[in-house]
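K.L.:
Okay, here's the structure, questions in a sec.
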Amino acid sequence: MSNIDRLDTFEVACKHFLGDFSNFKNLISTQVQSLNGLEWSFDKGSTKVCSADEKGLKKRCKVGITYRLQVELSQVDTEIIWSEFSRFWGATTLNQIERVYSNEELGRYQFIANNSIGDELTCNIYLPNEWNIPQLNMLGFVSARYRKVDVEEV
């Protein structure tokens, strides 16, 4: 298996992550009636360059990849999103799935998918109440990797 097949290069990992992220957004938009037909706000994030290693090569990471939507969801909608989140991301490279229960009594839900490399996606849902502005935010991070050109030179 080549480095590219394992998503070891920055460009391939970003392309794969963005594809999965978009597919998940589309999936929940069709599965949750409250999301159907709404216009999502998207931020492609930014690329950060790490310090050079002993060979002078610099890894890159992508931060701030975001889909966001101000929408009032119900607890039932949230459970559907959790079900789809755990099923969808469990079948990808971000297969370490976690649900943070500590703030759910306040109407704040958080789902996390990550992997051992450091890639991560968080899904935060705020249900309408006196403490929350109702919204759904998904934030992604692609951990530091070498560019394809750097891997091929070595």
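Under full-length UniProt numbering, the first residue of the sequence shown is numbered 1, with each subsequent residue one higher. Ideal placement from N, C-alpha and C gives every residue a C-beta, glycine not left out.
1) What is the C-beta distance between S41 and L7, in whole angstroms, given that I count them as a contact (C-beta under 8 angstroms)?
2) Flag this pair as touching only if the segment 13-28 and the segment 84-103 have three or more C-beta atom pairs under 8 angstroms; answer yes or no.
3) Rounded to the nearest angstrom, what separates N137 and Q110 at their Cα positions?
4) Can you tell me whether S83 is buried or exposed, with buried defined as 16 or more other CB within 10 angstroms of its CB?
5) With DSSP as the reference, label T122 as helix, strand or coil.
6) In the DSSP assignment, find the unbroken alpha helix (DSSP H) run with A13 in it and report its ends.
7) How long is the line joining the alpha carbons of Q135 and K55, rounded to whole angstroms?
P.N.:
On the basis of the data shown:
1) Contact doesn't hold; Cβ gap of about 27 angstroms is too wide.
2) yes
3) 10 angstroms
4) exposed
5) strand
6) F10 to Q31
7) 45 angstroms
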